[in-house]
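Residues 0 to 601 (numbering that gives the first Met the number 0) make up the sequence shown, in order. By construction, the Cβ of each residue, glycine as well, lies at the ideal position given by its N, Cα and C atoms. A quick note: this is a predicted structure, and the numbers were derived from the prediction, not measured. To keep things clear, I will list the structure first and then write my remarks on it.
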Amino acid sequence: MRKTFRKTAEALCESFLRERYGVAAASRDAIRDASGFALAQHARMPDYLRLPFFGATLFFGLSALVMRGAPFHRLNGEKRQQHIRLMRRIGPFRDLMRFYEGLSVFAYDEALERGPAEEPPQAPAIRASLASDARTDIAVIGSGPGGAITAALLAEAGREVMLLEAGPMLALEDTPEFSRAEMERKYRNGGITAAFGSTKISYVEGCCAGGGSEINAGLYHRTPESMLERWQKDYTLDGAALHELKPFFEANERELSVSPLQGESPPASLRMREGARKLGWSSMEVPRWFKYDGTGDTAGRKQSMTRTFIPRAVGAGCILRTDTRVARLSQDAGGWTLHCESDGEGFDLRANTVFLCAGAIHTAALLRRSGITQNIGNSLRMHPTVKVVARFPGVVNSRNMGVTVEQVKEFSPRLSFGVSVSRAPYISLAMLDHPAHRKIVDERWHNMAIYYAMITGGQGSVRNVPSYRDPLVRYTLAPEDMRNLAEGVQKLSQLLLAAGAEELFPTVAGYPPLRNGDDLRTLPETLPAGHASLMSVHLFSSCPMGEDREKCAVDSFGKVHGHTNLYINDGSLLCTAPGVNPQGSIMAFARRNIAHFLGGNA
């Protein structure tokens, strides 16, 4: 069965490459590389999905035996394409086809863009030598923005701290930005994660030292004052007025070198700015946590956690242990016992105080595995995002463009617009919903860029699946959210046409290319459920903070209601979706909470 699974997967990847790039381009090496990537990603996906995915691939391959007289991998090219077209009409197999097609195209385009991949040197894991009775005063679980600042400020205050990270220790330079290597080595589950509902939402999380700060663009916002006022009113959140948070924002901004872009904005950003200007809409350049080394430096260095707060924490005496997963917590008279796993072996770590900073999904999942469930994992929020690929008459893209800094906030927080990662492999992925037009990427990618429309709607849950390690995430979008997403596509398209775009391709199956205002008027008022390719990189609110115990998992400063010496200090705390990139909010609240914990200013 495993052999048939592998052969079916290889044949699917070969079929998609030959259809997309032609027989000559799909060499044996390219097919082997693409199918190897797809099989490796299958092994990385959440564990509860692997067996169903394995079975669906087998069923697909063997169904050809019944319908066409031979297993799929033994069919000729024409019959393979016929079988793919037939099976795409069956709901579950649409996702299966998209998985293999998307990974094949991404791997092939990545190889074309970067050339033969070289395996970067593996940075050694940083571990402490732990005895069976290992103990620390404070354990911090998770080393992303919340956990890194928590560990650094506690260690610098003279506290004994151990920082535990489930992923490896990797420098920023170990993987190219937004690359396949980064996806494989720094993303949790290789980036194959999704929230399930009537419309699935793909999301990504970092799983390495530094967490999400290592894989994002470093865009920085303070929490909008209107959102803070809403949280104070709706969640009885204390100590979170803008004037109370201002010192913590300012300290982080100094220490992270939050600053505007140096030099000229990329053309894709300038197009968005121009479109907003013509329509009279408000747009802004978003600052980033980038440090520039004097005059003439326009590239800068991203100030991720492995360059800032993690070295500070270790320098102040914090012990950092990577590749270490905390399976569950248990409380006893002496504090907390962390039941951990590393290199396939289990061990216990005892701590007087625990700070959970594993992210909105895994903080909630760990607490629920530990029997702590009151308002835990019931109110997950994210920023659902739909994308539009725009083709312009002039050059707007380059191989080193990355994520640009312009955002349109005219309709915020209900709708926000920006520029997404627009490397050629990502454009190819975004064009999967427009198969008749995908080949223009090969010839015109430098004239193309990906833009997004983001909303704040929906609500989800985090639950553990018996006998599996990975949590199940569900997310519900209300009819109003689907209308907002449809309006987002319409308004973003209006902006891009005003900016001079010749052709637009929304990431919605069944939507035609858009070329003028008349085309926009044909768009439906509600995004069709199940037809949109939605995604998110912002996750929060699974354990909201505040004094309203009917809604909140923790108090206003992160202490878990009903438990002693147990705190949360990451994006889980944010009461709702903030409508802006969340790391500025996460780190300001984390700093404020540690100052409160220490009884002074940190």
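Around S256, the same chain offers W288, F289, K290 and Q302 as residues with beta carbons nearer than 7 Å, after the five sequence neighbours per side are excluded. Contact check for A359 and S541: beta-carbon distance about 4 Å, within the 8 Å limit, so the pair qualifies.
Non-local C-beta neighbours of G316 in its own chain, meaning closer than 8 Å and more than five positions away in sequence, comprise A154, E159 and V160, ordered along the chain. Taking L597 as the centre and dropping the five residues before and after it, the same chain places the C-beta of A156 closer than 6 Å to its C-beta, in chain order. Between S460 and G376, the gap from beta carbon to beta carbon is short of 8 Å.
In the assembly as shown, N580 is a buried residue. Its beta-carbon has 16 or more other beta-carbons within 10 Å. Proximity of the stretch 417–425 to the stretch 345–355 falls short of the contact definition, fewer than three beta-carbon pairs being nearer than 8 Å. Look at D46 here: in three-state DSSP terms it is helix.
Contact between the stretch 580–590 and the stretch 445–465 is absent: fewer than 3 CB-CB pairs across the two stretches fall below 8 Å. Taking C-beta atoms as the reference points, F177 and E100 fail to come closer than 8 Å. Rounded to the nearest whole angstrom, the C-alpha separation of R87 and M96 is 7 Å. A straight line joining the alpha-carbon of T403 with that of S268 spans about 6 Å. In the structure shown, D331 falls within a strand segment according to DSSP collapsed to helix, strand and coil. Classified as buried, I454 has 16 or more neighbouring CB atoms from the shown chains inside 10 Å of its CB. The count of Cβ pairs closer than 8 Å, one atom from the stretch 392–412 and one from the stretch 203–218, reaches three, so the stretches are in contact. In the structure shown, H338 adopts extended strand secondary structure according to DSSP, grouped into three states. Annotation for P424: the continuous alpha helix (DSSP H) segment containing it runs A423 to A429. Shortest Cα-Cα distance from Y474 to any of S535, L38, A452 and S26 involves S535. Considered as a whole, the stretch 338–377 harbours 358–368 as its complete alpha helix (DSSP H) runs of no fewer than 4 residues, in chain order.
If you keep only unbroken alpha helix (DSSP H) runs of at least 4 residues inside the stretch 191–266, you get 224–234 and 241–254. Residue pairing for W288: DSSP places it in a beta bridge opposite V257. Ranking H436, N446 and A448 by CA distance to the CA of P511 puts H436 first.
In chain order, R67 place their CB closer than 7 Å to the CB of K78, counting only its own chain and leaving out the 5 sequence neighbours on each side. In this structure, the alpha-carbon of R514 lies about 34 Å from that of R380.
Looking only at P91, V139 and W280, the smallest Cα-Cα distance to A498 is reached by W280.
The residue from M400, L57 and S555 with its alpha-carbon nearest to that of P266 is M400. Assignment of P144 by DSSP, reduced to helix, strand and coil, places it in the helix class.
Between E112 and A239, the alpha-carbon positions lie close to 46 Å from each other.
Bridge pairing for M447: R390 [DSSP]. Per DSSP, reduced to three states, the secondary structure at P91 is helical. Cβ contact annotation for G561 (same chain, cutoff 8 Å, sequence separation greater than five): Q373, in chain order. Across the set G54, M0, R84 and T222, the C-alpha of T222 shows the shortest separation from the C-alpha of G570. DSSP, read as helix, strand or coil, puts T297 in coil. Listed in chain order, the non-local C-beta contacts of G417 below 6 Å within the same chain comprise Q406 and Y451, local neighbours out to five positions each way being set aside. For R473, the enclosing beta strand (DSSP E) covers residues L471 to T475.
Pairing F4 with A106 gives a Cβ-Cβ distance that is not under 8 Å.
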